[in-house]
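Under our numbering, residues 136 to 370 are what the sequence shown spells out, in order.
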Amino acid sequence: MRPRRSSSWEPPRRPEPQARVNDAIRAPRVRLIGEEGQQLGIKQIEEARTYAYGKGLDLVEVAAQADPPVAKVMDYGKYRYEQEQKAKQARKNQTQIHVKEIKLRPKIGVHDYETKKGHVVRFLNQRAKVKVTIMFRGREREHPDRGRDLLMRLAEDVKELGAIEIQPLLEGRNMTMVLAPTKNAGVVRKDAETEAKLGSQEEVQGDRNGEAPAQEGRPESQSGAQVAEAEAGVP
């Protein structure tokens with residue numbers, strides 16, 4: 136009985152090209168590089184393999200397009216592992232740039248403006264770029280200078296954390312500006328967190344030393360002699 140064909144057919148993935156190793160090398164002769172990187176000249180393929188096997192290593196074709204191809208003596212398993220680790224580290228070190236967007240109206244109120252500005256500050260402290268968009272409607276399009284003034288006001292308010300990367304640009308009904316985080320972005324928040332942490336540690340250390348500050352609103356406890364005098368009616 137024939138197996139049923141899948142309705143969602145996908146073409147087979149083309150495997151990534153791999154270096155030819157040992158017996159997979161088809162060239163009759165190669166330019167041989169030793170295990171220490173030394174040039175050993177042009178060798179017949181069998182002679183090159185014999186040299187590599189005598190060292191307990193592999194013969195790896197590293198430049199197939201050359202004439203003759205270049206082959207190097209190495210531990211191929213170790214080489215593959217090191218290449219994978221380098222690629223992994225390179226991906227880890229890649230800087231990911233995120234772009235956040237904030238939209239404003241030309242006639243935005245004071246409270247809404249402060250809220251939007253707070254969002255911009257938060258995004259910049261997260262080391263993200265911020266695209267600020269002014270949306271014009273109706274007759275507001277006749278006064279683009281108001282939108283530009285609003286964008287420049289915002290840039291001035293957050294200049295310690297963000298610098299203008301793209302100047303205000305009017306495109307259709309919208310005017311946009313892009314802010315990029317400065318070197319100070321995120322630093323202030325970290326300093327505040329550090330100070331708060333150090334403050335809490337000092338309070339704990341003070342409690343351990345018996346020097347904790349007295350709580351406000353609570354009267355100091357009376358001594359035993361004062362309580363006895365009050366009970367005996369001594370003036």
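From the three backbone atoms N, C-alpha and C, an ideal C-beta is built for every residue, glycine too.
The model shown is predicted, which means the values in this text are computed figures rather than measured ones.
Residue i - partner residues in DSSP beta bridges
| i | result |
| --- | --- |
| V371 | Outside the shown range of the chain, which is 136 to 370, sits residue 371, and nothing can be said about it. |
| T250 | Answer by DSSP bridge pairing: none, since T250 is not bridged. |
| Q174 | I168 |
| K266 | E236, V313 |
Under the three-state DSSP convention, the category residue i falls into
| i | result |
| --- | --- |
| L286 | helix |
| T311 | strand |
| F271 | coil |
| Q261 | coil |
| K410 | Absent from the structure is residue 410, since the part of the chain shown begins at 136 and ends at 370. |
| Q302 | strand |
| Q179 | strand |
| P163 | coil |
| G297 | strand |
| D280 | helix |
| K190 | coil |
| K221 | helix |
| N228 | helix |
| D292 | helix |
| G244 | coil |
| G321 | coil |
| E346 | Reliability of the predicted coordinates at E346 is poor, the pLDDT of 45 falling under 50, and the value obtained from them is presented with this limitation in mind. Coil. |
8 Å contact criterion, which residue i and residue j should meet: CB distance rounded
| i | j | result |
| --- | --- | --- |
| V165 | P204 | 5 Å |
| T311 | T250 | About 20 Å separates the two Cβ atoms, so there is no contact after all. |
| L167 | K178 | 5 Å |
| I299 | A290 | 5 Å |
| P279 | L305 | 5 Å |
Test: residue i CB closer than 7 Å to a CB of chain C
| i | result |
| --- | --- |
| M312 | You won't find chain C in this structure, because it holds only one protein chain. |
The ligand COA heavy atom lying under 6 Å from the CB of residue i
| i | result |
| --- | --- |
| D158 | Ligands in the displayed structure: none, and consequently the ligand COA is not present. |
Cβ contact (3+ pairs, closer than 8 Å) linking the segment 175-191 and the segment 206-225: Look at the beta carbons and you see the segment 175-191 touching the segment 206-225: at least three pairs across the two are nearer than 8 Å.
Any 3 or more C-beta pairs closer than 8 Å across the segment 176-183 and the segment 214-228: Because the criterion of three Cβ pairs below 8 Å is not met, the segment 176-183 and the segment 214-228 do not touch.
Segment contact, 8 Å Cβ cut-off, at least three pairs: the segment 308-322 with the segment 261-276: Touching, yes, given that three or more Cβ pairs across the two stretches are closer than 8 Å.
Cβ contact (3+ pairs, closer than 8 Å) linking the segment 220-235 and the segment 272-291: No: fewer than three Cβ pairs fall under 8 Å.
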